[in-house]
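To keep things clear, I will list the structure first and then write my remarks on it.
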Amino acid sequence: MLRSGLFAIWALGWLVVLSSTRSASAEQPAAGSMCSIERLQSVLQSIDPYQPQQVVSGKLALFGSSTMDGMAHAWVDQFRQFHADAVIEVSSIGESQAVERICSEPSSMWLVSRPVTPAELESLKSKGMRRPIALEVARQALGIFVHQSNPVTSISGEQMRSIFTDESTGTPTWKLLGATGALADQPIRIISRTEDSGTHKYLKESVFRSNLREGLPVASNAEIVDVIKTDPLAIGICGLKCGYNEARALSLQAGGNTIPSDEMAILSGQYPLVRPLSIVLDLGQAQNKLAIEFVRYVLSQSGQAENVLAGYFPVDLPLIRAELAQLASTAVR
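Residue numbers (our numbering): -8 to 324.
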């Protein structure tokens, strides 16, 4: 049975249950959680339900960011309810491999968990792609996580820079974040993504604009949390939804204010660590009908509800409309 606009309401019902498990009260979700749920519901209801323009079939490769892997599999599962003969394979590979592959297979799609620059699109053109575009399909909030037992509650931008970049010398200790007692002089152990990940490049190029300090490299956001929850001295940056009930996200200090790491701060635009998640494809490929129809699904109400279920955030309606307009204009330029 095909999903309709009612799916968005079901997705938000799931969020109510999830929020209630995080609430201080066992009886009712916190007021802030309910407010953020209502806001998410409003965003999803503003997005048009998916209406296939045509029935498509064939094979499509979707590869790249491990951050987007689970969400991409959910998109594919629901898309095939509309297009049963479509075969879409999802795989996680490093960025350098993904660039090589999309240039050699221009009818495929690249999942990118960071901003894609015009210079990168021009580079893809120089490598044979006809009309490469990057479409923002979801958003992810990043959190700075510590062990549940760690008494530190917040972190400033300056402290983040001192810990995560190589601009300062020496090994930072927990005294930097205001810890006292035995913890104060203990080294901060950084758990980080590998250099070929979108998370690493996003932090390096868009957040800090500086080289990152070497830490213990792991292959996914989930692995960052897996290490932190067993190491009282560890700290790491990963998707905010990855660590609930296993590690603790710090609040952010900015402009004299403390910004909580929660949905309401994210949806209200107060929380600064939010990155775009994108799909790169070549609109100049005549055989890209399957890819275009797939992205149309992803930008629909049901596709964006899958973002919420996967722990991410939907794209706002004006941007969705602008990106759908790009998809509708497929003439080679």
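Quick reminder that beta carbons are idealized off the backbone N, C-alpha and C, glycines included.
The Cβ atoms of Leu112 and Ala125 sit closer than 9 Å to each other.
With respect to the 9 Å criterion, Met120 and Pro97 are classified as neighbours on the basis of their beta carbons. Using a C-beta cut-off of 8 Å, the segment 72 to 88 makes no contact with the segment 213 to 225, since fewer than three inter-stretch Cβ pairs fall below that distance. Straight through space, the alpha carbons of Ser57 and Ile228 are spaced by roughly 15 Å.
Cα atoms of Phe304 and Gln295: separation of roughly 8 Å, rounded to the nearest angstrom.
One alpha carbon belongs to Ser197, the other to Ser140, and they sit about 31 Å apart.
Take the alpha-carbon of Asp176 and the one of Cys233: they are about 28 Å apart. Separation of Ala238 and Gln278 (C-alpha to C-alpha, rounded to the nearest whole angstrom) is 45 Å.
Note on the segment 183 to 265: whole beta strand (DSSP E) runs with a minimum of 3 residues are 207 to 209, 225 to 230, 242 to 245, 248 to 250, in chain order. Following the DSSP letters along the chain, one finds Met151 inside the alpha helix (DSSP H) bounded by residues 148 to 155.
Distances from the alpha-carbon of Glu254 to those of Leu281, Thr221, Asp273, Leu133 put Leu133 closest. Closest in C-alpha terms to Val103, from the list Thr156, Pro142, Tyr193, Ile135, comes Tyr193. Shown here, Leu290 sits in coil according to DSSP, grouped into three states, outside any helix or strand. Phe136 places its beta carbon less than 9 Å from that of Leu241.
In the three-state reduction of the DSSP assignment, Leu133 falls in the strand class. Residue pairing of Thr162 in beta bridges, as defined by DSSP: absent, with no partner found. Beta-bridge annotation (DSSP): Val103 is paired with Ser269. Leu167 sits away from Ser183, with the two beta carbons spaced by 9 Å or more. Listed in chain order, the non-local C-beta contacts of Leu243 below 6 Å within the same chain comprise Ile250, local neighbours out to five positions each way being set aside. The beta carbon of Ser291 lies closer than 7 Å to those of Ile38, Asp39, Pro40, Tyr41 in the same chain, with the five residues before and after it left out. Only residues of its own chain outside the window of five on either side were considered, and among them Ser201, Asn202, Leu203 have a CB closer than 8 Å to the CB of Lys195, listed in chain order. In this chain, the beta strand (DSSP E) harbouring Ile79 covers 77 to 83.
Between Lys118 and Phe70, the alpha-carbon positions lie close to 30 Å from each other. A residue is called buried when at least 16 other Cβ atoms come within 10 angstroms of its Cβ; Gln131 meets this threshold and is buried. Looking from the CA of Leu51, the closest CA among Ile28, Ile93, Val209, Val34 belongs to Ile93.
Residue pairing by DSSP places Arg180 opposite Ala225 in a beta bridge.
Residue pairing by DSSP places Ala125 opposite Val271 in a beta bridge. Counting of Cβ neighbours within 10 angstroms places Gly169 among the exposed residues, the total staying below 16.
Setting aside the 5 residues that flank it on each side, Gly85 is surrounded in the same chain by Asp187, each with a C-beta closer than 6 Å to its C-beta; the list follows chain order.
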